[in-house]
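Participant: One structure follows; several queries about it will come next.
2 protein chains.
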Amino acid sequence: MTALEQAMQHCRAEGIAFDRVRTNGIDMFYARKGGGFPLVLLHGWPEFWMVFRPILNTLASDFDVIVPDLRGCGDTGKAKAGPDGDAGAMTHAQDIKGLVDALGLEKFGLIGGDLGAYVAQAFAQTYPDRLAGLFFFCTPYPGLGKRYAQPDHLTEVWYQYFQQVPWAAELVGASRETCRTYISHFLNHWSDDNPAVFQDMIEIYTDNFMKNDNIQGGFDWYVSSAKNRQLWIEEALPQPPIIEAPTYFMWGKRDPLIRPEWSDKLGDYFSDFTIRFADAGHFVHAEIPDQASAEIRTFFDGI
Amino acid sequence: MTALEQAMQHCRAEGIAFDRVRTNGIDMFYARKGGGFPLVLLHGWPEFWMVFRPILNTLASDFDVIVPDLRGCGDTGKAKAGPDGDAGAMTHAQDIKGLVDALGLEKFGLIGGDLGAYVAQAFAQTYPDRLAGLFFFCTPYPGLGKRYAQPDHLTEVWYQYFQQVPWAAELVGASRETCRTYISHFLNHWSDDNPAVFQDMIEIYTDNFMKNDNIQGGFDWYVSSAKNRQLWIEEALPQPPIIEAPTYFMWGKRDPLIRPEWSDKLGDYFSDFTIRFADAGHFVHAEIPDQASAEIRTFFDGI
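These protein sequences, in sequence, are chains S and F. Per our numbering, the first sequence starts with residue 401, numbered consecutively. Per our numbering, the second sequence starts with residue 401, numbered consecutively.
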């Protein structure tokens, strides 16, 4: 049994249920636990639903918590590969629309970080009536602008370009060791360079990325979002609709990828938001899950 | 016998001699053939001396042609690794100073592309009295400025940042296949996306990079030049001394990495230069070696 299969057994023993829905042309896998007001949690890259396991278990006492694997990731279906592939933020948002429709969730809370934060913004701009509120970890948003690719930041964002080359997944997935080396870098570096955060998860993540073409599946997002990313960095992206849902940002004070000071333009994109800087790096939800759960609970209790 | 060893046998049969000199703390390997006015050719990354084999054989009829492996590359000694390592342009220039001193070359012509072009510029700025003239292929120079990392160019330059991470060589060198995949990308893409150019050289290059820690040896340049590269892209690099030696640029019209239109600021750094755009990509010397040899000959005959 792989480390991932073993972890899935433990998750089932914790009362987490797993199922699939057909949505937007793919089978979407999701974890679910609890009851009450529904919260949908959207993971980032290089993650899958399990990054939210601690938060899922904590919040299940008061909420109906649903955590899908996003398109291309985990046990969910793949995007069509290539530059005309369909793993962009709007496609992901439509995937989530199909999921919540299938589950009959009329109004719910949406929570996301990294890739999940792009998806949550696209969803909020397209289906605002469905949202009670939005909760973000360290959030990529167009207000980062050219700062996201400024000269002293290229050592952080090179992977967004490497992951577009057609042979990147072949290189990263050449062996279990190369996959582990690559994925570990991001898990550890983005966790405030603290390898203890994902220490017990490295083999599980490696299992995840070594199956189902998940390396390319994750990279498809970078291929599909390339044009948009370029316009954003050129500060030439058309202004999207302002997001009016109540929104909470829990932003890692030491996120090396999406620097906390770059949150200064949130007001151009969100009309009703609160921001709090947390004692963490990029993976707030994995680094300080208890505190993240508490802030999610307080925020959605207050709505 | 490896493809590289076999090629070296053929080179010896062609009359190319090989030797080493002690210079600047390392053993430098070089190829040499011919007699007459001395020309020193400096290769780039991911190359080694052999990229100049056709030009070396052609020019040897009238010149004393010397082609070293640069520090970290081929059969030359390695840089100290790490951010305080010593594989920057000035260290490389001092290596070349030691080489030409050891060979008793008082005045000579210097020819370079890519990394070799950085080295040749540092040499020309530091030891101008030694140079009869400079000949460049597609030249990285500070006048590229922020254009070198503009949003639509990040899909070209990501490797300069990836190659700084401490595990990059481990990933690329995980197997002969990963090494071939990685190196082939640059050889083919930069040759105007024409795989025929390096087709017969891929196994030889793979042999080269799989020995002597040559993957990390090449990456050491990117580690050592990182600070300088950042200042350059920030357009904050102090103005270097103007290069007054007669200089000729043979620039690939279709170089995807160092675009020909970015040659527009050469006048800020070179006081006496000619530029000609060639029907090639980045690897002018490998794509059209006969034409490159002819232009080198004409330029140095005229001096």
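Yeah, the Cβ is synthetic: ideal placement off N, Cα and C, and Gly gets one too. This structure is a prediction, so every number in the text was calculated from the model and none was measured.
Quick one: which residues of the region 539-558 of chain S get their C-beta closer than 9 Å to a C-beta of chain F? List them in chain order.
Facilitator: K546, A549, Q550, P551, D552, L554, T555, E556, V557 and W558
Participant: Show which residues of chain S have a CB atom less than 9 Å away from the CB atom of A574 (chain F).
Facilitator: Within the second sequence, residue 574 (chain F) is the residue found at index 174, counting from 1. For a Cβ distance threshold of 9 Å, residue set L571, A574, S575, E577, T578 and T581 of chain S lies close to A574 (chain F), ordered along the chain.
Participant: Within the 8 Å Cβ cut-off, does F609 (chain S) reach chain F?
Facilitator: By 1-based counting over the first sequence, the position of residue 609 (chain S) is 209. Cβ-Cβ to chain F under 8 Å: no for F609 (chain S).
Participant: Whole-angstrom Cβ separation of A493 (chain S) and F523 (chain S), contact assumed at under 8 Å?
Facilitator: For the purposes of this step, residue 493 (chain S) is taken as the residue at position 93 of the first sequence. For the purposes of this step, residue 523 (chain S) is taken as the residue at position 123 of the first sequence. Yes, A493 (chain S) and F523 (chain S) are in contact; Cβ-Cβ is about 4 Å, under 8 Å.
Participant: W567 (chain F) touches chain S at which residues, Cβ-Cβ below 7 Å?
Facilitator: Within the second sequence, the letter at position 167 stands for residue 567 (chain F). Those within 7 Å of W567 (chain F) in chain S are T581 and H585.
Participant: Can you give me the Cβ contacts of F448 (chain F) inside the same chain, cut-off strictly under 7 Å, excluding the 5 residues immediately before and after it?
Facilitator: For the purposes of this step, residue 448 (chain F) is taken as residue 48 along the second sequence, with counting starting at 1. Once the five neighbours on either side are set aside, the close Cβ partners of F448 (chain F) are D469, C473, G474 and N608.
Participant: Going by DSSP, which residues form a beta bridge with V465 (chain F)?
Facilitator: As a position in the second sequence, residue 465 (chain F) is number 65, starting the count at 1. According to DSSP, which records beta bridges pairwise, V465 (chain F) is partnered with F:K433 and F:L439.
Participant: Give me the subset of the region 612-638 of chain S whose CB atoms are less than 7 Å from a CB atom of chain C, sorted by chain position.
Facilitator: Protein chains in the displayed structure are S and F, and chain C is not among them.
Participant: Is M650 (chain F) near R676 (chain F), with beta carbons less than 8 Å apart?
Facilitator: Position 250 of the second sequence, counting from 1, holds the residue named residue 650 (chain F). Position 276 of the second sequence, counting from 1, holds the residue named residue 676 (chain F). Yes. Within cutoff.
Participant: Using DSSP with H/G/I as helix, E/B as strand and the rest coil, what is G512 (chain F)?
Facilitator: Against the second sequence, residue 512 (chain F) aligns to sequence position 112. Strand.
Participant: What residue from F:M408, F:G425 and F:R422 has the CA that sits closest to A431 (chain F)'s CA?
Facilitator: Position 31 of the second sequence holds residue 431 (chain F). Relative to A431 (chain F), the option among F:M408, F:G425 and F:R422 whose CA is nearest is F:M408.
Participant: Whole-angstrom Cβ separation of L499 (chain S) and T555 (chain S), contact assumed at under 8 Å?
Facilitator: Position 99 of the first sequence, counting from 1, holds the residue named residue 499 (chain S). Position 155 of the first sequence, counting from 1, holds the residue named residue 555 (chain S). No, L499 (chain S) and T555 (chain S) are not in contact; Cβ-Cβ is about 36 Å, not under 8 Å.
Participant: Using a Cβ-Cβ cut-off of less than 7 Å, give me the residues of the region 501-520 of chain S that come near chain F, in sequence order.
Facilitator: none
Participant: Under 8 Å Cβ to Cβ from D427 (chain F), same chain only, skipping five residues before and after it: list those, please.
Facilitator: If you number the second sequence from 1, residue 427 (chain F) lands on position 27. R420, V421, T476 and G477, listed in sequence order.
Participant: From P595 (chain F) to T606 (chain F), what does the alpha carbon distance come to, in whole angstroms?
Facilitator: Residue 595 (chain F) sits at position 195 when you count from the first residue of the second sequence. Residue 606 (chain F) sits at position 206 when you count from the first residue of the second sequence. P595 (chain F) and T606 (chain F): Cα-Cα distance of roughly 15 Å.
Participant: According to DSSP, D419 (chain F) sits in a beta bridge with which residue or residues?
Facilitator: For the purposes of this step, residue 419 (chain F) is taken as the residue at position 19 of the second sequence. D419 (chain F) pairs with F:Y430.
Participant: With L531 (chain S) as the anchor, note down where its beta strand (DSSP E) starts and where it stops.
Facilitator: As a position in the first sequence, residue 531 (chain S) is number 131, starting the count at 1. Taken as a continuous stretch (DSSP letters only), the beta strand (DSSP E) holding L531 (chain S) covers L531 to F537.
Participant: Got a sec: is the Cβ-Cβ distance from F598 (chain S) to anything in chain F below 8 Å?
Facilitator: What you label residue 598 (chain S) is simply residue 198 of the first sequence in a count that begins at 1. It does not; no Cβ of chain F falls within 8 Å.
Participant: Terminal residues of the continuous alpha helix (DSSP H) containing I658 (chain S)?
Facilitator: Translated into the one-based positions of the first sequence, residue 658 (chain S) becomes position 258. Where I658 (chain S) is concerned, there is no enclosing alpha helix (DSSP H), given that its DSSP letter is neither H nor E.
Participant: DSSP state of R471 (chain F), grouped into three classes?
Facilitator: By one-based count along the second sequence, residue 471 (chain F) stands at place 71. In the three-state DSSP reduction, R471 (chain F) falls in the coil class, being neither helix nor strand.
Participant: Can you give me the C-alpha to C-alpha distance between V684 (chain S) and E570 (chain S), rounded to a whole angstrom?
Facilitator: Position 284 of the first sequence, counted from the first residue, corresponds to residue 684 (chain S). Position 170 of the first sequence, counted from the first residue, corresponds to residue 570 (chain S). Rounded to whole angstroms, the separation of the alpha carbons of E570 (chain S) and V684 (chain S) is 30 Å.
Participant: Please classify T555 (chain F): does DSSP put it in a helix, a strand, or coil?
Facilitator: Taking the first residue of the second sequence as 1, we reach residue 555 (chain F) at position 155. Helix.
Participant: Just to confirm before moving on: does the CB-CB distance between A686 (chain F) and F598 (chain F) stay below 8 Å?
Facilitator: Position 286 of the second sequence holds residue 686 (chain F). Position 198 of the second sequence holds residue 598 (chain F). Going by C-beta atoms, A686 (chain F) is nearer than 8 Å to F598 (chain F).
Participant: Tell me whether the beta-carbon of G415 (chain F) lies closer than 8 Å to the beta-carbon of G513 (chain F).
Facilitator: Translated into positions along the second sequence, residue 415 (chain F) becomes position 15. Translated into positions along the second sequence, residue 513 (chain F) becomes position 113. No, these two residues do not count as a Cβ contact at 8 Å.
Participant: Please list the partners that Y561 (chain S) has in chain F, where partner means a Cβ-to-Cβ separation under 7 Å.
Facilitator: By one-based count along the first sequence, residue 561 (chain S) stands at place 161. Within chain F, the residues near Y561 (chain S) are L554, T555 and W558.
Participant: Which word fits D679 (chain S), buried or exposed, when buried means at least 16 other C-beta atoms lie within 10 angstroms of its C-beta?
Facilitator: Stepping through the first sequence from its first residue, residue 679 (chain S) is reached at position 279. Per the 10 Å Cβ criterion, exposed.
Participant: Please confirm whether I496 (chain F) and V519 (chain F) have their CB atoms less than 8 Å apart.
Facilitator: In the second sequence, counting from the first residue as 1, residue 496 (chain F) sits at position 96. In the second sequence, counting from the first residue as 1, residue 519 (chain F) sits at position 119. Yes. Within cutoff.
Participant: Taking M650 (chain S) as part of the alpha helix (DSSP H), name the residues at either end of that continuous run.
Facilitator: Position 250 of the first sequence, counted from the start, is the residue given in the question as residue 650 (chain S). Not the alpha helix (DSSP H): M650 (chain S) falls in the beta strand (DSSP E), residues T647 to G652.
Participant: Quick one: list the residues of chain F neighbouring Q564 (chain S), beta-carbon separation under 9 Å, in chain order.
Facilitator: Within the first sequence, the letter at position 164 stands for residue 564 (chain S). T555 and W558, listed in chain order.
Participant: Can you say whether T721 (chain F) is buried or exposed, counting buried as having 16 or more other CB atoms within 10 angstroms of its CB?
Facilitator: The shown model of chain F, from 401 to 703, leaves out residue 721 (chain F), and the question about it has no answer.
Participant: Give the DSSP-derived three-state secondary structure of T526 (chain F) in the structure shown.
Facilitator: Against the second sequence, residue 526 (chain F) aligns to sequence position 126. Helix, per DSSP.
Participant: Considering just the uninterrupted stretch of the alpha helix (DSSP H) at H578 (chain F), what are its terminal residues?
Facilitator: Position 178 of the second sequence, counted from the first residue, corresponds to residue 578 (chain F). His is not the amino acid found at residue 578 (chain F); the sequence shown has Thr there. That run of the alpha helix (DSSP H) goes R576 to W590.
Participant: Let's see if you can read the secondary structure: which residues bound the alpha helix (DSSP H) around F619 (chain F)?
Facilitator: Along the second sequence, one-based indexing puts residue 619 (chain F) at 219. Segment N614 to S624, the alpha helix (DSSP H) holding F619 (chain F).
Participant: For the alpha helix (DSSP H) containing R676 (chain S), name the first residue and the last one.
Facilitator: The residue given as residue 676 (chain S) occupies position 276 in the first sequence. Note, R676 (chain S): premise wrong, no alpha helix (DSSP H); beta strand (DSSP E) at F673 to A678.
Participant: Is the distance from the Cβ of I615 (chain S) to the Cβ of L544 (chain S) below 8 Å?
Facilitator: Sequence index remark: in the first sequence, residue 615 (chain S) carries index 215 (1-based). Sequence index remark: in the first sequence, residue 544 (chain S) carries index 144 (1-based). Contact: no.
Participant: Nearest to C411 (chain S) by alpha carbon, out of S:M450, S:G617 and S:P446?
Facilitator: Here the question's residue 411 (chain S) lines up with position 11 in the first sequence. Looking only at S:M450, S:G617 and S:P446, the smallest Cα-Cα distance to C411 (chain S) is reached by S:M450.
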